[in-house]
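Inspection log for the structure reproduced underneath, given as structure tokens.
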Amino acid sequence: MASGSIGFASVSLFLALCVLTPDARCEHASPPQDNTTPTSVEVTLEDATRLAIEHNQALRAQRLAVDQARANEITAALKPNPVFSNLNEDFQIFSPSNLTLQNLRTNQEFSNSVTYTIERGGKRLQRVQIAQDTTDVTIKAIADNERQLRFQVAQAFITILLAKSNLEFARENLKNFSQVVDINKQRLQSGDISEADYLKITLQQLQFEQDVSSAKVALVQGKAALRQLVGYDTVPEDFDLIGELKHTRYNVTQVDLEKEALLSRPDFLTAQSAVKLASDTATLAYGNRARDLTVESEYKRNGTINGIGFGLSIEIPIHDRNQGEIARSKVAVNQALESAEAARVAVLTDVRSGYAGYQTNEQVASLYESGYLSQSTQSREISNYAYQRGAASLLELLDAERSYRATQLAYRQALAAFMLSVEQINFSVGKKIMQ
């Protein structure tokens with residue numbers, strides 16, 4: 006306890022000297038630096054999706070279209086402005102002798118008028134409705150863009166998981182086979198194997214080294230693609246993923262998926278809203294047949310006469326009754342209906358295609374797990390054991406190694422394909438049905 010007090014007193018005295026003597030060299034008095042290497046950021050699929058929805062630059066730019074559509078709602082609801090007019094006549098500037106105050110009072114004409122247009126046929130209400138319909142279509146279109154972005158993030162995430170798994174497997178394979186190479190190098194030196202056999206073994210090691218390099222490149226490229234989707238500056242370059250390739254069975258039916266998709270798919274909902282937009286646009290076209298009224302009130306002073314007047318004007322629809330726009334809007338309604346039907350068929354097709362892919366990939370993953378994985382592992386172990394004791398040939402050893410490598414890589418690819426088919430189902434339905 007006493008030694009601790011002495012140490013503390015020494016440090017206090019040294020700091021006091023540094024304060025009292027500014028010229029003293031006190032650099033070494035700075036607190037110790039934390040040299041601990043910061044841990045890399047770990048990201049789950051849910052984190053990546055959330056970051057993409059919040060920070061993806063392309064999606065953020067697309068969302069601004071909603072604000073523009075809402076601004077158009079304000080414009081559509083505006084009423085016409087009144088128009089003020091001022092008219093002054095009969096100034097006899099070419100007869101200077103008549104430019105007297107008395108002449109201005111008795112001969113000059115001054116008139117002021119205000120005109121206002123009264124819209125008929127419910128045009129303004131229909132414009133507002135169309136603007137609101139456009140906003141609704143825009144919002145649902147943005148939701149569909151979000152759906153596509155979620156799927157792209159899931160694709161990139163699964164690609165990185167596959168690259169990580171392949172890299173771990175390649176490194177483990179290289180490490181294990183390097184031990185085989187070292188053992189056989191000793192056997193070569195002792196004369197147990199020929200140099201030709203040893204060269205064949207080292208060439209197989211080259212394949213494992215290439216696997217490591219290829220997996221590293223795939224991992225770097227996958228991370229770069231995911232960073233672009235989630236917002237390049239939202240995660241550091243050395244971020245890591247939390248997740249693994251896995252095979253999970255789900256209890257879903259194609260009929261239930263189709264029903265849910267027709268209720269949830271944003272692109273189909275957008276097509277349905279587009280039908281309403283086209284219908285309301287046709288209603289406005291009919292409303293535009295009604296001609297607007299222009300009313301006017303006027304004050305006029307003509308010499309000594311002061312008076313007010315009123316006016317009314319309306320276009321007589323003899324030729325132009327908006328026939329062309331009415332015909333066009335009718336065709337647009339039919340076009341929107343056809344597009345909505347095409348969207349419905351596309352939804353059902355996507356679900357059926359995705360469900361078929363899910364079933365196939367589920368069966369493939371189940372096949373590997375039913376025994377092929379363990380068989381390839383046992384075959385390699387048996388061949389290696391037998392070769393070390395001279396009961397198997399080099400070709401049998403290398404063949405077992407290649408079969409094991411191919412089976413493991415194919416299984417990882419099957420897991421990635423299965424997980425991607427699950428995300429394809431969620432994408433085709435329009436919501437996360439399979440967690």
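In the numbering used here, the protein residues as written are 6 to 440.
Glycine included, every Cβ here is placed at the ideal spot set by N, Cα and C.
Residue i vs residue j beta-carbon contact at 7 Å
i, j, result
"Val338", "Ala287", "yes"
"Asp138", "Leu274", "no"
"Phe432", "His252", "no"
"Ser278", "Gly435", "no"
"Val119", "Pro87", "yes"
"Ala295", "Arg125", "yes"
"Leu317", "Gln131", "no"
"Tyr392", "Leu402", "yes"
"Gly248", "Leu166", "yes"
"Glu428", "Ala159", "yes"
"Tyr373", "Ile430", "no"
"Val142", "Ala81", "no"
"Phe162", "Leu50", "yes"
"Val71", "Ile144", "yes"
"Gln413", "Phe174", "yes"
"Ala246", "Val217", "In the sequence as presented, Ala is not what sits at residue 246; that position holds Leu. Taking 7 Å as the Cβ cut-off, Leu246 and Val217 do not qualify as a contacting pair."
"Ala351", "Ala276", "no"
"Arg129", "Thr54", "no"
"Asp202", "Leu399", "yes"
Secondary structure of residue i, DSSP reduced to three states
i, result
"Glu151", "helix"
"Thr26", "Caution is warranted here: a pLDDT of 44 is assigned to Thr26, below 50, making its placement in the model unreliable, and no coordinate value can be reported."
"Ala46", "Note that residue 46 is Val in the sequence shown, not Ala. Val46 falls in the coil class under three-state DSSP."
"Lys5", "Residue coverage of the chain in this structure runs from 6 to 440, which leaves residue 5 outside it and unanswerable."
"Leu3", "The question about residue 3 has no answer, for the chain in this structure spans 6 to 440."
"Ile247", "coil"
"Gly329", "helix"
"Val88", "strand"
"Glu301", "strand"
"Asn307", "strand"
"Asn339", "helix"
"Glu94", "strand"
"Arg296", "coil"
"Gly359", "helix"
"Ile323", "coil"
"Glu51", "helix"
"Arg129", "helix"
"Cys31", "With a pLDDT of only 38 at Cys31, under 50, the local geometry of the prediction cannot be trusted, and the value read off the model is given with reservation. Looking at Cys31 - three-state DSSP - the assignment turns out to be coil, as it is neither helix nor strand."
"Asn256", "coil"
"Glu263", "helix"
"Val369", "helix"
Where the alpha helix (DSSP H) through residue i begins and ends
i, result
"Phe432", "399–434"
"Arg232", "200–235"
"Pro271", "271–292"
"Tyr390", "378–393"
"Glu78", "62–82"
Neighbourhood of residue i by C-beta distance below 7 Å, restricted to the same chain and skipping five residues each side
i, result
"Gln157", "Leu234"
"Glu343", "none"
"Gln67", "Ile147, Asn150"
"Leu250", "Leu166, Leu167, Ser170, Arg417, Leu420, Ala421, Met424"
"Arg176", "Val217"
"Pro271", "Lys145, Ala148, Asp149, Arg152, Gly435"
"Lys221", "Leu172"
"Gly127", "Gly292"
Continuous beta strand (DSSP E) stretch holding residue i: start and end
i, result
"Val119", "114–123"
"Gly314", "310–319"
Close-in-space but distant-in-sequence residues of the same chain around residue i (CB under 6 Å, 5 per side omitted)
i, result
"His33", "Low per-residue confidence applies at His33: pLDDT is 42, beneath 50, and the placement is therefore not dependable, though the value from the model is reported in the following sentence. Hits under 6 Å: none found."
"Glu330", "Ala290"
"Leu298", "Ile123, Ile319"
"Lys305", "Ser116, Gly312"
"Gly314", "Glu303"
"Arg410", "none"
"Tyr255", "Met439"
"Val356", "Leu262, Glu263, Ala266, Ser433"
"Thr164", "Gly227"
"Ile188", "none"
Integer-rounded CB distance, given that residue j should sit under 8 Å from residue i
i, j, result
"Ala397", "Ser388", "5 Å"
"Arg417", "Ser170", "5 Å"
"His60", "Thr239", "5 Å"
"Glu114", "Asn327", "About 39 Å; that fails the 8 Å criterion."
"Phe182", "Gln210", "5 Å"
"Ile206", "Val186", "6 Å"
"Thr140", "Arg75", "6 Å"
Cutoff 8 Å; reference residue i; Cβ partners in own chain excluding five residues on either side
i, result
"Arg394", "none"
"Ser45", "Pro241, Asp243, Phe244, Asp245"
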